[in-house]
Structures are given as C-alpha cells and as structure tokens.
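Encoded as structure tokens, the structure appears first; notes follow it.
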Amino acid sequence: MYECPNCGGNLKFDIPSQQLKCAYCLTTHDPYDITKTQDADESSDFDVTIFTCPQCGGEILSTDTSAAEFCSFCGASTILDSRISKEKRPTHIIPFKQTKEACKQAYIARIKHAPFAPDELKDKEYIDGFRGIYMPYWAYNITQKGPVSLKGEKTYRKGDYVYTDHYNLEGGLDACYYDLSYDASSSFSDDISQRIAPFYVKDSKKFTPSYLSGFYADTADVDSCLYEKDALKLANTTSYNKIKRTPEFSGVTFSGKNNDFYTTMTLHTYSETPERVLYPVWFMSYRKNGRVAYATVNGQNCKVAADIPVDIKKYTLGTLWLAIPIFVLLNFFFTIRPGVLLTCSCFLAIASLIVYAWEIMDIYHKDHRTDDRGYLSRRPHKSSAPDDKKTTASLTALMKSGSADGQRKAPGFIFSLAAVLVCICVWIINPVSDLWYYVGTVISFIGILLTIVVVIQKYNVLATQKLPQFERHGGDDGAK
Ligand SMILES: [Zn+2]
Ligand SMILES: [Zn+2]
-11 MYECPNCGGN
-1 LKFDIPSQQL
9 KCAYCLTTHD
19 PYDITKTQDA
29 DESSDFDVTI
39 FTCPQCGGEI
49 LSTDTSAAEF
59 CSFCGASTIL
69 DSRISKEKRP
79 THIIPFKQTK
89 EACKQAYIAR
99 IKHAPFAPDE
109 LKDKEYIDGF
119 RGIYMPYWAY
129 NITQKGPVSL
139 KGEKTYRKGD
149 YVYTDHYNLE
159 GGLDACYYDL
169 SYDASSSFSD
179 DISQRIAPFY
189 VKDSKKFTPS
199 YLSGFYADTA
209 DVDSCLYEKD
219 ALKLANTTSY
229 NKIKRTPEFS
239 GVTFSGKNND
249 FYTTMTLHTY
259 SETPERVLYP
269 VWFMSYRKNG
279 RVAYATVNGQ
289 NCKVAADIPV
299 DIKKYTLGTL
309 WLAIPIFVLL
319 NFFFTIRPGV
329 LLTCSCFLAI
339 ASLIVYAWEI
349 MDIYHKDHRT
359 DDRGYLSRRP
369 HKSSAPDDKK
379 TTASLTALMK
389 SGSADGQRKA
399 PGFIFSLAAV
409 LVCICVWIIN
419 PVSDLWYYVG
429 TVISFIGILL
439 TIVVVIQKYN
449 VLATQKLPQF
459 ERHGGDDGAK
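As structure tokens, this is what we get:
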C-alpha cells in the first residue's frame, strides 16, 4: 500500500489524471515521487503480495495486501491464498489509459451484436467483475547494422527462352526494431494476447511499483529466450521486404532467404537483452459447466476480445422463427420435386459432417493449447510437440465422446451419417411412390438437426476454455 503524504490514506493509480490519487483528501501525486523504501531504483526486485488460487493454482500479484476474493483465471469465488514475495522489476509499463467504465461500455457494445449469448454475460453485476491486470510481455530490441552482401536472381521469359539474371547486391544496412513484444505469462493464452494486440509503446513509461497500486499484475514465468527467434525472424523478414520494395530490386528473389540462421548472419541481426514490460488488460471470466470463458479488453485502446458461447435454447428458438417463414415462402413460389429435396438433404448432411469433424480438430488444438508456446514451454514433462500416437488416441476419444469433457454419449456425427445412409438407400431402392422420398427427407432432416445441436454444444466448448490447472514452480506454499 502507498500512503498519502498528506493524510496517510491509501493512494491508488487514477486513470483520468494518470497520477496517484488519495481517496480521502483527493490530492494527486506523481507516481515517481511515491516510493516505499524497498522500491529504490537500484534494486532489481520489488515487493509484492502473490495471490494463489487454491482451485487452479493461478497466480496474480499486487502491491496491496488486502485479500483478493476471486480468481480471474478459473472464475472461482474464493479467498486467494496470499504470500509476500519479490518480483523482478520490469523496465517499462504502459499505465492503464481506459477506465473500467470505458472498458465496460466497449464490452457491452461487443456483446450487443451476439444475439444468442447467454443472458448472464449481459448481466450488470457480472460485467462489474472486470479486473485491471497488467500482463507481462518480453520486449525485444533488434538491431541490424553493417555491410550487407546479398545474392539474388530474377527470372523472366522472352519468346522461347527463359532468362535468369544473377545479382550481387552490396550495401550498408542500419535498422532498429524496438519493443517487439511477446506474451511472457503462461497463464495468459497467446491467443487472447494476439486478439487484443497491439499495444502502442508511445504511452510506455519507466516502471515504478506505485503504478500497480489499485491493480493486479500477472507473473512473468516464460523464459525470455523462447521468443527470441521469432523476434529475429520478424526483423529479418521486414528488412528483406523493405529492400525488395525499392524499385531497383523488384522481382529479385534472394537466395537463402528462408534460412533463418543464414539471414540473421547476413543482415547482422542482433537482439539486445529482452526487457520485461507490463501492458494493461481488463480481464473477466465466466464459469459454467466446468468450462471458463474470458472477456478481455485492451486497457490502452479498449479493443475487446471475448469468448462468447451460444445459448442453445435461444439459438433454436431464433432459427425456428427464421426457418418457418422461409419454408412457407419457398413452398408458395416453387414446387420442389421429391428427388431434388432428397439430394439437397443428403448434401446438407454431408456438410454438417464436415463442420463436425472440423470442430473436433479445433477443440483438440484449443484444449491442448498446441499453438501456445508460452504455455507449452512451462510443461517440462511433456514434449512440446504432442506425439502422433497420443494425438490420434485422444482425437478418437474426442470423436467418440459427446463432449470434450469425456462424458460418454453417442457421437454427434452418427445422426448425419444415418441421414446420408437413408438418402443413399432411397436412391438405390428407387421406390415408385414419391412418399418414400418425403419420408427419407424428413428422417435425414431430423438427423441433420440433431447433429447441428451437437455442433452448437461443441461450438460452446470451442468458445470457452478448459478450467486451467497451473503447475507452479518454486514457492510451493499454496501452489498445487
Ligand atoms: Zn490523502
Ligand atoms: Zn483459479
């Protein structure tokens, strides 16, 4: 807690004034003037209280010691365990620019366009649960300086001949890329951080712990070298593209361009020691049926990224209201032949099968966070690339089970598959009476509908996340 020099009250960071403000005497103070003795600039650490969720092991830290009553990661309402600790000092911070009110308005505007979202997500009390959390990032500063010699070629055709010109390009390169930032927390999924990106470093300030007052921060637990290659590659690609854009070099293909090591050597790409930085995020979680959905709002520019599940009841009613008039209208204007009808439903059934298979793959990737390198790097016992045998096994399990949580139910694709079979049978038998075509169509439509309900259930799995279970290292009191 930071004390007001005027009255001893609790100072908190005030977003509109970008200063520390006292709730009692209403005076404002420069964050750099307010320090605890331990906050001294020379120290590489600063004092924090770490709050650990007893349910999921998720950790957030604060400069305040007052109890935290819910966990932002798994959405549990529980008093979090707290312990005093030290945290590495970030070099820079982008202080919150958008107030909670502005964040709530941005979220409400977003959820308005989701007619099938569950009512709870639009509930005022729920929306008040947004919590300001500083998310840690690694910021890389990359330089490229020195003489560059590139080999390139340009191929073109003249008449019956194909000509290849070889180039040897010599020149000097002097480029800097500042603050290429990557998510440094394994609990904050890369997917979310990408969806609320970018943060603009123009608002970046030198870090001082009092900026955190009144907010929380997530711990940086991903190794800094994890994203170094990506940052180097980004710099390399950008520089190459820049060179290619000069008119003299247009159409030239550089040799070795796809070899990262070669490119880094040729362009003298060099990464300085990455910096710890904190970016502001408004964060809220919604927990239902053993899954959790996150709503995040960029605290600098109010960009919203929200997981929005579909309420099946709302959806079914909505589509029925839409489908009935369309069907009546169609019947009014056209006479549809039974054979055509059957073919249509067969194609629909096949389409629903494809959507189903597609979703299963997506759910698998999402639940295993296969593209979240920060998360995977923190799981030492498992190789970061899931081996093929295991993948197939758990995919099969996912196909068989009715939901990703492993409850055994008939798999959803059975219904559409049956629909396709019924259609094929009717064709093969080719009955004289049209009635059989209609019966076939009705049966296959029911099959498709059932599959679509399962598809929506699965969509909800996709729109939400597995309840997190963090394996924290070190300081094991409170960690699971
Ligand atoms: Zn005061
Ligand atoms: Zn939790």
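Counting from -11, one number per residue, gives the positions in the sequence shown under the working numbering. Even glycine gets a Cβ: it sits at the ideal position worked out from N, Cα and C.
Near ligand 1: Asn(-6) beta-carbon under 6 angstroms from a heavy atom:
Taking the sequence shown and counting its residues from 1, the one referred to as residue -6 is at position 6. Yes, since a heavy atom of ligand 1 falls inside the 6 angstroms radius drawn around the Cβ of Asn(-6).
The beta strand (DSSP E) that contains His154, what's its start and end?
As a working note, residue 154 is residue 166 in the sequence shown. Tyr149 to Asp171 is the span of the beta strand (DSSP E), which, as asked, contains His154.
With H, G and I counted as helix, E and B as strand and the rest as coil, what does DSSP make of Gly390?
Here residue 390 refers to the residue found at position 402 when the sequence shown is read from its first residue. In this prediction, Gly390 scores a pLDDT of 43, lower than 50, which makes its location untrustworthy; the coordinate-derived value is nonetheless stated afterwards. Gly390: coil per DSSP, three-state reduction.
Under 8 angstroms Cβ to Cβ from Asp206, same chain only, skipping five residues before and after it: list those, please.
Indexing the sequence shown from 1 puts residue 206 at position 218. For Asp206, where only same-chain residues beyond five positions count, the Cβ hits under 8 angstroms are Glu47, Ile48, Leu49, Ile121, Tyr122, Met123, Pro124, Ser173, Ser175 and Phe176.
Report whether the distance from the Cβ of Phe61 to the nearest heavy atom of ligand 2 is below 6 angstroms.
The residue labelled residue 61 in the question sits at position 73 within the sequence shown. Within the cutoff, so yes.
Around the C-beta of Ile312, are 16 or more other C-beta atoms found within 10 angstroms, so that it is buried, or is it exposed?
One-based indexing of the sequence shown puts residue 312 at position 324. Flag for Ile312 reads exposed.
Tyr12 Cβ short of 6 angstroms to ligand 1 heavy atom set
Start at 1 with the first residue of the sequence shown, and residue 12 comes out as number 24. Checking every heavy atom of ligand 1 against the Cβ of Tyr12, one is found closer than 6 angstroms.
Within 10 Å of its beta-carbon, does Ala55 have 16 or more other beta-carbons around it, so buried, or fewer, so exposed?
Against the sequence shown, residue 55 aligns to sequence position 67. Exposed: under 16 other Cβ atoms inside 10 Å.
Taking just the CA atoms, how far does Asp148 sit from Tyr128?
As a working mapping, residue 128 is identified with position 140 in the sequence shown. As a working mapping, residue 148 is identified with position 160 in the sequence shown. When rounded, the distance between both Cα atoms is 50 angstroms.
Three-way DSSP call (helix, strand, coil) for Asp21 in this model:
As a first step, residue 21 is located in the sequence shown; it is residue number 33 there, counting from the start. Three-state DSSP puts Asp21 in coil, outside helix and strand.
Kindly indicate which three-state DSSP category Gly134 falls into: helix, strand or coil?
Taking the sequence shown and counting its residues from 1, one reaches residue 134 at position 146. Here Gly134 sits in strand by DSSP.
Just reading off the alpha helix (DSSP H) that Gln7 is part of, what are its end residues?
The residue you call residue 7 lines up with position 19 of the sequence shown. Run containing Gln7: none in the alpha helix (DSSP H); it sits in the beta strand (DSSP E), Gln7 to Cys10.
Under 6 angstroms: does the beta carbon of Gly117 sit that close to some heavy atom of ligand 2?
Sequence index remark: in the sequence shown, residue 117 carries index 129 (1-based). It does not: the Cβ of Gly117 is nowhere closer than 6 angstroms to a heavy atom of ligand 2.
Return helix, strand or coil for Glu260, following the three-state DSSP convention.
Residue 260 sits at position 272 when you count from the first residue of the sequence shown. If DSSP states are grouped into helix, strand and coil, Glu260 belongs with coil.
Sequence-distant residues of the same chain with beta carbon closer than 6 angstroms to Met(-11), five excluded per side:
Taking the first residue of the sequence shown as 1, we reach residue -11 at position 1. Asn(-2) and Asp52.
Among Tyr282, Thr196, Val269 and Val430, which one has its Cα closest to the Cα of Ser333?
Position 345 of the sequence shown holds residue 333. Measuring from the Cα of Ser333, the nearest candidate turns out to be Val430.
If the criterion is Cβ atoms closer than 7 angstroms, does the pair Ser238 and Leu255 meet it?
As a first step, residue 238 is located in the sequence shown; it is residue number 250 there, counting from the start. As a first step, residue 255 is located in the sequence shown; it is residue number 267 there, counting from the start. The answer is no: Cβ separation not under 7 angstroms.
Could you tell me which residues DSSP puts in a beta bridge with Ile81?
The residue given as residue 81 occupies position 93 in the sequence shown. Partner(s): Lys193 and Leu266.
Using 8 angstroms for Cβ pairs, my map puts Asp295 next to Thr452. What's the rounded Cβ distance?
On the sequence shown, position 307 is the one that residue 295 refers to. On the sequence shown, position 464 is the one that residue 452 refers to. 6 angstroms between Cβ atoms; contact.
With respect to 6 angstroms, is the separation between the Cβ of Gly(-3) and the closest non-hydrogen atom of ligand 1 below this value?
As a position in the sequence shown, residue -3 is number 9, starting the count at 1. Yes, the Cβ of Gly(-3) comes within 6 angstroms of a heavy atom of ligand 1.
Leaving out the 5 sequence neighbours to the left and right, which residues in its chain are closer than 6 angstroms to Arg233 when beta-carbon positions are compared?
The count along the sequence shown starts at 1 and reaches residue 233 at position 245. Once the five neighbours on either side are set aside, Arg233 has no close Cβ partner at all.
Find the nearest neighbour of Gln182 within the set Arg361, Pro456 and Val449, judged by alpha-carbon distance.
Here residue 182 is taken as the residue at index 194 of the sequence shown, counted from 1. Checking every option, the nearest Cα to that of Gln182 belongs to Arg361.
Over what stretch of residues does the beta strand (DSSP E) that includes Phe34 continue unbroken?
Walking along the sequence shown from the start, residue 34 turns up at place 46. Phe34 -> beta strand (DSSP E) spans Asp33 to Thr40.
With respect to the beta strand (DSSP E) encompassing Glu75, which residues constitute its N-terminal and C-terminal limits?
Here the question's residue 75 lines up with position 87 in the sequence shown. Asp69 to Lys76 is the extent of the beta strand (DSSP E) around Glu75.
Does ligand 2 have even one heavy atom less than 6 angstroms from the beta-carbon of Gly278?
For this step, residue 278 is matched to residue 290 along the sequence shown. No - ligand 2 has no heavy atom lying nearer than 6 angstroms to the Cβ of Gly278.
Starting from Tyr188, follow the beta strand (DSSP E) in both directions and report where the run begins and ends.
One-based indexing of the sequence shown puts residue 188 at position 200. Element bounds for Tyr188: n/a, residue is neither H nor E.
Would you kindly work out how many angstroms separate the C-alpha atoms of Pro262 and Glu347, rounded to a whole number?
On the sequence shown, position 274 is the one that residue 262 refers to. On the sequence shown, position 359 is the one that residue 347 refers to. Looking at the two C-alpha atoms, the distance is approximately 38 angstroms.
Taking just the CA atoms, how far does Ile231 sit from Lys146?
Counting from one through the sequence shown, the residue named residue 146 turns up at place 158. Counting from one through the sequence shown, the residue named residue 231 turns up at place 243. Rounded to whole angstroms, Lys146 to Ile231 spans 26 angstroms at the Cα level.
Ala223, enclosing alpha helix (DSSP H) - first and last residue:
Start at 1 with the first residue of the sequence shown, and residue 223 comes out as number 235. Looking at the DSSP string, the run of the alpha helix (DSSP H) that includes Ala223 is Glu216 to Arg233.
Which partner residues of Arg275 appear in the DSSP bridge assignment?
Within the sequence shown, the letter at position 287 stands for residue 275. According to DSSP, which records beta bridges pairwise, Arg275 is partnered with Val280.
Between Asp179 and Tyr363, what straight-line distance do the alpha-carbon atoms span, to the nearest angstrom?
Counted from its first residue, the sequence shown places residue 179 at position 191. Counted from its first residue, the sequence shown places residue 363 at position 375. Taking the straight line joining both Cα atoms gives about 11 angstroms.
Classify Lys146 as helix, strand or coil using the three-state DSSP reduction.
The residue you call residue 146 lines up with position 158 of the sequence shown. Of the three classes helix, strand and coil, the one that applies to Lys146 here is strand, per DSSP.
Which residue comes first and which comes last in the beta strand (DSSP E) that contains Ala205?
Working through the sequence shown from its first residue, we reach residue 205 at position 217. Looking at the DSSP string, the run of the beta strand (DSSP E) that includes Ala205 is Tyr204 to Asp206.
Taking all protein chains shown into account, decide if Ser273 is buried (16 or more other Cβ within 10 angstroms of its Cβ) or exposed.
As a working note, residue 273 is residue 285 in the sequence shown. Per the 10 Å Cβ criterion, buried.
With a threshold of 7 angstroms between beta-carbons, can Thr234 be considered close to chain D, or not?
This model lacks chain D altogether; it includes just one protein chain.
Between the CA atoms of Pro297 and Leu455 - distance to the nearest angstrom
Locating residue 455 in the sequence shown gives position 467, where the first residue counts as 1. Locating residue 297 in the sequence shown gives position 309, where the first residue counts as 1. Going from the Cα of Leu455 to the Cα of Pro297 covers about 15 angstroms.
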